[in-house]
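Written below as structure tokens is the structure these notes are about.
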Amino acid sequence: MNPSLRYLNGYPEHLVSQIERLVESGKLGAWLTQRYPGKHAITTEKALYDYVMGFKNQYLKKSSPISKVAYDGKIHVVNNALGLHSFVSRVHGSKLKAKNEIRIASMFKEAPEPFLRMLVVHELAHLKEKEHNKAFYQLCCHMEPDYHQLEFDARLYLIHLELTKKS
């Protein structure tokens, strides 16, 4: 398998071979652009926080509060992830304070909005479900009905970014 297709590990061979043909023909970028034209305008941390809170307030009103939402330039390189949800408990006197933070890989500042939405939904789902289990993916699909397709297409976007960076 082409090393740049590592994001598709675990997907059925017939899908991987279709993508391999798109890559070899040089048409992956055009396909993505046609399917997801334009980039979103959520480039500041404040705008990202407001965007995330819109989803949280719509779907997860009673879940734990979020103390921070940020773009992070180190996530993809260090953690081999696209977003991170961290939960930190700290002792303050006789009380235990919990903080939830969501970090999104900086490369998604210039991505199509549906990919950012998929990542936000994924990280918000971790407020209720810590593991990637059936309930977790059901919650993701509740917040974003096209979650699985967007996750797959975001993987194609990553492949495209890597290939265009090399050339």
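Start counting the sequence shown at 1; every next residue gets the next number (the UniProt record's numbering).
Heads up, the beta-carbon is just placed ideally off N, CA and C, and yes, glycines get one too.
All figures in this text were calculated on a predicted structure; none of them were measured in a lab.
Taken atom to atom, the span from the alpha-carbon of residue 31 to that of residue 55 is near 28 Å. Residue 72 is bridged by DSSP to 105. Cβ neighbours of residue 59 within its own chain (closer than 6 Å, five residues either side excluded): 143. Residue 5 and residue 38 have their alpha carbons spaced roughly 24 Å apart. For residue 66, the beta-bridge partners assigned by DSSP are 100. Annotation: the continuous alpha helix (DSSP H) that includes residue 135 extends over 134-143.
Beta-carbon to beta-carbon, residue 99 and residue 67 are separated by about 4 Å, close enough to satisfy the 8 Å threshold.
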